[in-house]
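In our numbering, the protein residues as written are 78 to 226.
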Amino acid sequence: MKYISVNELSSFDFHDAVIASIDLSDKDMSWTVSAVNVAAQNTQNNYDVAMCVDSAKITFEDASVEKIEFSSYTVHQRDQLIEFHEAKTAKESEYSDILKKTLDGNYIYSLDDFSATNDDSFRACFNIESYADGNYCLTIGHTEKSKKH
């Protein structure tokens, strides 16, 4: 059975969700994810508890990457610090390469922020794993579907 949930991003729990693919077309960004949880308050969930979905497609309309911020991290070997990487913000010219390199098959740890920026636009910040460069927060601006003109 297929469910369609519109403008209910905050009623999904992304911990341990896996990004199977990301597609960019015109101004839209679509993700195919697995193991995402649909919270009990989502209009499409008929249960009193969260429901795990094997596969879901998430579309951000009129989407733009606003920011990619890498977390600081350390590398230890036998309790010895061998590397320290400072937090950094990616340059806009790096966004495409970062997304291609890190989104396919990586985990979404959480939706850290979901907020309105004006009447029909929103900002979503996802905490995503990246083995190559450390975890990062991907901030996407997008338009709410039902209010799109």
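For glycine and all other residues, C-beta sits at the position ideal for the given N, C-alpha and C.
Keep in mind the model is a prediction, meaning the values are calculated, not measured.
- request: Could you name the residues of the same chain whose beta carbon sits closer than 7 Å to that of residue 109, not counting the 5 residues immediately before and after it, in chain order?
  value: Take residue 109, set aside five residues on each side of it, and the residues of its chain with a beta-carbon closer than 7 Å to its own are 97, 98, 132, 134, in chain order.
In the DSSP output, which residue or residues are listed as bridge partners for residue 95?
According to DSSP, which records beta bridges pairwise, residue 95 is partnered with 111, 184.
Exercise. Using a threshold of 9 Å, state whether the C-beta atoms of residue 215 and residue 145 are closer than that.
Key: Residue 145 sits close to residue 215, with the two beta carbons spaced by under 9 Å.
Q.
Contact criterion: CB-CB distance below 9 Å. Does residue 124 meet it with respect to chain C?
A. Within the model displayed, chain C is absent; a lone protein chain is all it includes.
Measure the C-alpha to C-alpha separation of residue 198 and residue 163 and round it to an integer number of angstroms. C-alpha separation (whole angstroms): 32 Å.
Cβ separation of residue 115 and residue 94, assumed to be a contact under 8 Å, to the nearest whole Å: With 8 Å as the limit, residue 115 and residue 94 do not qualify as a contact, their Cβ atoms being about 11 Å apart.
*Enumerate in chain order the residues of its own chain whose CB-to-CB distance from residue 159 is below 8 Å, with the five nearest sequence positions on each side excluded.*
Same-chain partners within the cutoff: 152, 153.
Of the listed residues 149, 106, 129, nearest to residue 142 (C-alpha basis): The shortest Cα separation from residue 142 among 149, 106, 129 belongs to 106.
Point to revise | Buried/exposed call for residue 213, threshold 16 Cβ in 10 Å | key: Of the residues assessed, residue 213 falls on the buried side of the cut-off, its CB having 16 or more other CB atoms within 10 angstroms.
State the Cα-Cα distance for the pair residue 167 and residue 195, rounded to the nearest angstrom. Distance between the alpha carbons of residue 167 and residue 195 is about 25 Å.
Pick helix, strand or coil for residue 169, following the three-state DSSP scheme.
In the three-state reduction of the DSSP assignment, residue 169 falls in the helix class.
* Asked: Under the DSSP definition of a beta bridge, which residues are partnered with residue 218?
  -> Paired residues: 141, 200.
Original post:
For the candidate residues 192, 186, 193, 127, whose alpha-carbon lies nearest to that of residue 205?
Top reply: Among 192, 186, 193, 127, the Cα nearest to that of residue 205 is on 186.
Keeping to the same chain, check which residues put their C-beta closer than 8 Å to that of residue 189; ignore five residues upstream and five downstream. Scanning its chain for C-beta atoms nearer than 8 Å, with the 5 sequence neighbours on each side dropped, one finds around residue 189 the residues 202, 203, 204, 214, in chain order.
Taking 9 Å as the cut-off, decide whether the C-beta atoms of residue 211 and residue 147 are in contact.
-> Cβ atoms of residue 211 and residue 147: closer than 9 Å.
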